[in-house]
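Residue numbers (the working numbering): 419 to 571.
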């Protein structure tokens, strides 16, 4: 029993060290002077009562994707009532491999956020606890792989 507890604590300790390393890399990426490109997309679907402006930011270093941001500002009109929503997905990479995704959404004055950590192309840890968390972690990982393929050629 003691050996099991020791192994479990050792594994958690290794994960927490890895998480700290990932957060350190993220901090370095955010402070970097890497090449940054920005763009925006407007989608105006008046027939659906939906207007969205998406801001895209890509940070690269030579042939490496370091950061990709998808920030959406949306307005929905339902029965004459306008509702605002802001959401963001921030993907961080090391050697073109996903290491972290930060997500947030603000809707109706309520803010929710989640962090997703990855190691060796597998989910490592996430702050969003739900029966769908593992599924979301894998979806984000697949999205991240597609982004690298599309951006880094």
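From the three backbone atoms N, C-alpha and C, an ideal C-beta is built for every residue, glycine too.
The structure displayed is predicted, hence computed values, not measured ones.
In the DSSP assignment, find the unbroken beta strand (DSSP E) run with residue i in it and report its ends.
i: residue 460; result: 453-463
i: residue 495; result: 482-496
i: residue 531; result: 528-537
i: residue 542; result: 540-544
i: residue 479; result: 468-479
Please list, in chain order, all residues of the same chain as residue i whose beta carbon is under 6 Å from its beta carbon, the five residues on each side excluded.
i: residue 469; result: 462, 493
i: residue 491; result: 471, 504
i: residue 531; result: 522
With the cut-off set at 8 Å, would you say residue i and residue j are in Cβ contact?
i: residue 536; j: residue 559; result: yes
i: residue 489; j: residue 506; result: yes
i: residue 518; j: residue 440; result: yes
i: residue 486; j: residue 565; result: yes
i: residue 567; j: residue 539; result: no
Kindly give me the distance between the Cβ atoms of residue i and residue j, rounded to whole angstroms, as I take these residues to be in contact under 8 Å.
i: residue 483; j: residue 570; result: 5 Å
Following the continuous alpha helix (DSSP H) through residue i, name the residue where it begins and the one where it ends.
i: residue 560; result: 551-569
Below 8 Å CB to CB, which residues in the same chain sit around residue i once its five sequence neighbours on both sides are set aside?
i: residue 552; result: 541
| query | Is there contact between the segment 496-506 and the segment 517-531, where contact requires at least three CB pairs shorter than 8 Å? | reply | They touch, by the three-pair rule.
| said: Using a Cβ distance threshold of 8 Å, determine whether the segment 543-550 contacts the segment 507-516, with at least three qualifying pairs required. | reply: no
| message | Under 8 Å, with one C-beta from each stretch per pair, do the segment 478-496 and the segment 445-456 reach the 3-pair mark? | response | Yes: the two stretches touch, three or more of their Cβ pairs being nearer than 8 Å.
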